[in-house]
Amino acid sequence: MAEVANLSSGSLEPTVKPLAAACYDNNLVNSQGMFLGDQPLRFSLPLLLVQVSVILVLSAAAHLLLRRLGQSRFVTHMLVGVLLGPTVLGRSESFRGVLFSERGTYILESVSLVALILFLFSMGVKTDLSLLRRPSGRAVAVGITGSLVPLAVTLPVFHALQPSLPEDLHGSSLITELAVRLSLSSFPVIADELSDLDLLNTDLGRIALTASLITDVTSWFLRACSAAVFLVSEAKSPAFTAQILASFVAFVLFVGFVARPTGRYIAYKRTPAGSLLSEGSFVVVVIAALL
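The opening residue of the sequence shown carries number 99 in this note's numbering; numbering runs sequentially from there.
In structure tokens:
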């Protein structure tokens, strides 16, 4: 259930109704067009195309205006997200009902999730993991400081605000998980920022990239642990708790001892230098990335 803070009363009160379940008609996929009497935005494919077009056009326009001020694409993407979100345009029920209704949001979220997975995979492929083997002292210091100091500040603040939270969140490990997620940086974002600013191959860029990689490895480990702790705390039976921990360990072992060796075999053994991946190898890589 979505909840919004009512700041005027100094407490958190539910001010947004729960999202209703959306039912789909299998025939409402592609429209014949408005000239034949259809309403294109009632169909899934035209609505998705309009949503993606609006997001891309606004992102490109914002970047065109803000790049003269030295702002990167990440900043423009954040601003467009705020503009289209419930803070600005999303406050209008007519805008939200036409362009970002519950029925259309589910499909857009699914497509964006797949795009995010492929983006993270592409950034991981470009990452030089040798930076972790012999990192400089400055990079290690920046990485550790960038991970622990924000977390040390965020955790007490979250726990101090706990009395203002809904009663069902009192004593919940969700607060710790949110603190971990909000206090740690993301390596793909830092790498994209350095690339936009043409700092990727400089000494400063290498230090920042190494520190960001250390921070990201630490953050993913802490996120996985916090998510496991949250799921375990919400579990009602020891058997379910054991399943959660076993699945977490199995996933880590699968990535380390199956997925990574398979990727190295395809890259170095099955693919000659300078040539493209075969169709079968490409399918295997994409499936592994989506897993």
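The beta carbon of each residue, even a glycine, is placed where N, CA and C say it ideally should be.
Within 10 angstroms of its Cβ, does residue i collect 16 or more other Cβ (buried), or is it exposed?
i	result
residue 312	buried
residue 310	buried
residue 160	buried
residue 142	buried
residue 300	exposed
residue 223	exposed
residue 240	buried
residue 275	buried
Is the Cβ-Cβ distance between residue i and residue j less than 8 Å?
i	j	result
residue 281	residue 252	yes
residue 257	residue 242	no
residue 164	residue 174	yes
residue 70	residue 342	One cannot answer for residue 70 here, as it falls past the ends of the chain, which runs 99 to 389.
residue 295	residue 170	yes
residue 291	residue 217	no
residue 157	residue 178	yes
residue 209	residue 146	yes
Residues in its own chain within less than 8 Å of residue i by CB, not counting five upstream and five downstream?
i	result
residue 357	386 and 389
residue 383	361, 364 and 375
residue 198	149, 182, 188 and 206
residue 144	128, 129 and 138
residue 193	187
residue 354	none
residue 336	none
residue 106	Note that residue 106 scores a pLDDT of 39, beneath 50, so its modelled location is shaky; the value from the coordinates is reported in the next line. Taken in chain order, the list of residues that qualify is empty.
residue 367	none
In its own chain, which residues sit with a C-beta less than 7 Å from the C-beta of residue i, not counting the 5 before and 5 after it?
i	result
residue 115	With a pLDDT of 46 at residue 115, under the threshold of 50, the modelled position of that residue is not reliable, and the figure given next carries that caveat. So the list is empty, once near-sequence residues are dropped.
residue 136	129 and 130
residue 378	none
residue 186	180
residue 215	387 and 388
residue 196	139
Can you name, in chain order, every residue of its own chain whose Cβ lies under 6 Å from the Cβ of residue i, other than the five neighbours on each side?
i	result
residue 316	245
residue 285	310, 311 and 314
residue 288	310
residue 303	292 and 297
Tell me whether residue i counts as near the ligand COA, meaning its Cβ is closer than 7 Å to at least one heavy atom of that ligand.
i	result
residue 388	Looking at this structure, you won't find the ligand COA or any other ligand, since it has none at all.
List the whole-angstrom C-beta distance separating residue i from residue j, where the pair is believed to meet the contact cut-off of C-beta under 8 Å.
i	j	result
residue 233	residue 308	5 Å
With a threshold of 8 Å between beta carbons, is residue i in contact with chain D?
i	result
residue 296	This model lacks chain D altogether, as it is built from one protein chain only.
Can you give, in chain order, each stretch of the alpha helix (DSSP H) that sits fully within the stretch 272 to 311 and has at least 4 residues?
-> The stretch 272 to 311 contains these whole alpha helix (DSSP H) runs: 272 to 281 and 285 to 294.
Along the chain, which unbroken stretches of the alpha helix (DSSP H) at least 4 residues long are found entirely within the stretch 125 to 152?
-> The stretch 125 to 152 contains no whole alpha helix (DSSP H) run of 4 or more residues.
At what residue ranges does the stretch 236 to 265 contain a whole run of the beta strand (DSSP E), taking only runs of 3 or more?
-> At a cut-off of 3 residues, not a single continuous stretch assigned as beta strand (DSSP E) sits fully inside the stretch 236 to 265.
Runs of alpha helix (DSSP H) lying entirely within the stretch 139 to 224, each at least 4 residues, in chain order = Within the stretch 139 to 224, the complete alpha helix (DSSP H) segments at least 4 residues long are 142 to 164, 171 to 182, 191 to 197 and 200 to 224, listed from N- to C-terminus.
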